[in-house]
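Worksheet: one structure, shown below.
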Amino acid sequence: MKKIILMLSLLIFIFPMHAFAVEYDIEKTAITAELQEDGTVHVEERHTYQFEGEFSGISRTLIPKDNAVIEDVKAFEQGKELEVEQEDELYKVHRSGEDETVSVRLTYSIKGGVEVYSDVAQFYWPFFDSSNESDYENMTITVVPPEPSEAKAAYGYDAAYHTVDSGSDGTVVFDMGKVPEGKNGDIRVAYDAALFPQAELSSDEAMLTEILNDEAKLNEKMIARQERHELWSGLGPYITGAFFLLAFVLFLVGFRRRKETLREAERKRSGTGRFPETTMSLPAVLMFGNHGQVTIPMMTPALLELVRKGNVEEGPEGEFRAVNRETDYPHETLLMNWLFDEVGENGTFKVEDLEEYLEDEDHIESYQENFRLWSEAVKQEVKQYDLYEDNTKARWAAGVAGLAILPFTILFPVYEVFIWMTAAIALFFYFLIFSLLYRPLTFEGQRLKQELEPLKTGDEWQQWEEKDQISAYLYQVGAGKRKSDVDLPASAVTVNDLAMFMILAGTLDQSFRQADQTASVSAATTGAGAGGGAGVGGGGGGSGAF
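Counting from 1, one number per residue, gives the positions in the sequence shown under UniProt numbering.
Next up, the structure:
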């Protein structure tokens, strides 16, 4: 069970869930950047949000490039100005509501947004970057020159690549469509420097050749990327297919082996009408039936098993006395030393001793350590029996396969081969879980499991002989399948010993559970622990809601 919890925790860590977040879609985003003669850029953004549930407003992160400043951020809805709260580069537009479609217009100015050189001036800007945590369902960015003129260059990077439409008047539109979260999308537009007579010169050097060379390099890079995308798209089915075949073989081997053990276990079953025949102690049987985990309720049958064996005697008023320290298993010795020497004294133990013992917070750590040592000793006993197959070959094969496919979970998304990335991730976790958790039962283990299964919920044992009745009752208490403080039907209590064990189990089980709860609460209260953008020039931004 711990391994399963560990795997679930790992999955959650790798694929985190956003809890308590506002539910929304940004259905449409239209950004217009009007370049001014002095190099300032007047920006108008129109965002249409579709909200589900309550919301308080929208947010926009605006991170300027180096040597540029964003000023005068305002927000409007149908001509009405909205309150804007600034926290560094984050702007919160307050507009509360519930289950609405909201259209907000943002306006602001970028001082120094246009870089002017001796031959051209460029607007090279990231309106969003990889830090953005929202999808834009339909985004367009329009760049307008100070006056009609031909654009000397216009192109975009990443999400903005190959989305340009240049008009005859120099207006450039980047029609990006859907832009997923976490994407960059820098845009770059260049015009004749003469259009910006009032702007301060960024550099007295020619820049157009470099801008066009950068575009050529970008095109070469994207062509090569497309070729690699097509290559890995073609290889994906063969790579994942080979690993899928191995996964199927491992599954088939495990399935066939399980059928064989089930068939043999059925043949060797000791039959109904008695507690499963085994040389294991009752705590070890309980641990085996509980997926290898030792729990607090198992302490009750563990102590009462010592009573039945004659190592412990029941005294008056819920008192127990250790009368024989010669036990069959090390974990029985540990349990007796713990309860009769550390919690109790002089070889006696009373149920109220646990409560008094744990009133001293210094004993909490000792209590938990003793339970851990006892649990480990029970596990050591289980390991002595031939209950699980070694099966190292299959587990090693799965482990090696998991390591072999791991690089492809990285390579496939790099080249945007997402369907095969999904298959590779699924196969990786299959191999990982198989290598960690695959421990098939032997014939003996399968037989014991099949015979214990009806005991978890059934009441057939009430018709068994006295010895098997007690074992079955204690098993159900230790497995947490029967409340020890609920009496059985009178017809089931056929012997005095069973009635006695029922009474003792009810008292002990409540005491052990309460002690563990006290220890857990005390341990939990002892202590508790409490940038720039990724776009060009350190700029960027994103959108959200609150």
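All C-beta atoms in this analysis are idealised placements derived from N, C-alpha and C, irrespective of residue type, glycine included.
For residue 160, no beta strand (DSSP E) segment is defined, and its DSSP state is neither H nor E.
Ranked by Cα distance from residue 377, the first of 331, 243, 178 and 468 is 331.
DSSP, read as helix, strand or coil, puts residue 94 in strand. Under the DSSP definition of a beta bridge, residue 59 partners with 92 and 544. Residue 349: member of the beta strand (DSSP E) spanning 348–350, first to last residue. Judged by DSSP in its simplified three-state form, residue 438 adopts coil rather than helix or strand.
With contacts defined as CB atoms closer than 7 angstroms, residue 189 and residue 151 qualify as a contacting pair. DSSP links residue 105 through a beta bridge to 46 and 76. Taking 7 angstroms as the cut-off, the Cβ atoms of residue 398 and residue 428 do not count as close. Apart from sequence neighbours up to five positions away, the residues of its chain that approach residue 46 with a beta-carbon distance below 6 angstroms are 30 and 105, ordered along the chain. Taking one beta carbon from each stretch, the region 195–209 and the region 111–122 have 3 or more pairs nearer than 8 angstroms; the two touch.
A contact between stretches requires three or more CB pairs, one per stretch, nearer than 8 angstroms, and the region 31–51 meets this requirement with the region 129–142. The C-beta distance from residue 288 to residue 471 rounds to 14 angstroms, too long to fall under 8 angstroms, and the pair is not in contact. Going by beta carbons, residue 322 and residue 307 fall outside the 7 angstroms limit.
It is roughly 6 angstroms from the alpha-carbon of residue 192 to the alpha-carbon of residue 119. Under the criterion of beta carbons closer than 8 angstroms, residue 58 and residue 110 do not qualify as touching, at roughly 20 angstroms.
The beta carbon of residue 56 sits closer than 7 angstroms to those of 94, 96 and 546, all from its chain and outside the five residues before and after it, given in chain order. Here residue 122 is buried, its C-beta having at least 16 other C-beta atoms within 10 Å. About 6 angstroms separates the beta carbon of residue 60 from that of residue 543, a gap short enough to meet the 8 angstroms contact definition. No Cβ-Cβ contact shorter than 7 angstroms links residue 165 with residue 183. As computed with DSSP, residue 192 is found in a beta bridge with 120.
Distance from the Cα of residue 478 is smallest, within the candidate group 424, 283, 386 and 24, for 283. An exposed status is given to residue 396, since fewer than 16 other beta-carbon atoms sit within 10 Å of its beta-carbon. Looking at the backbone, the Cα of residue 174 and that of residue 400 are separated by about 47 angstroms.
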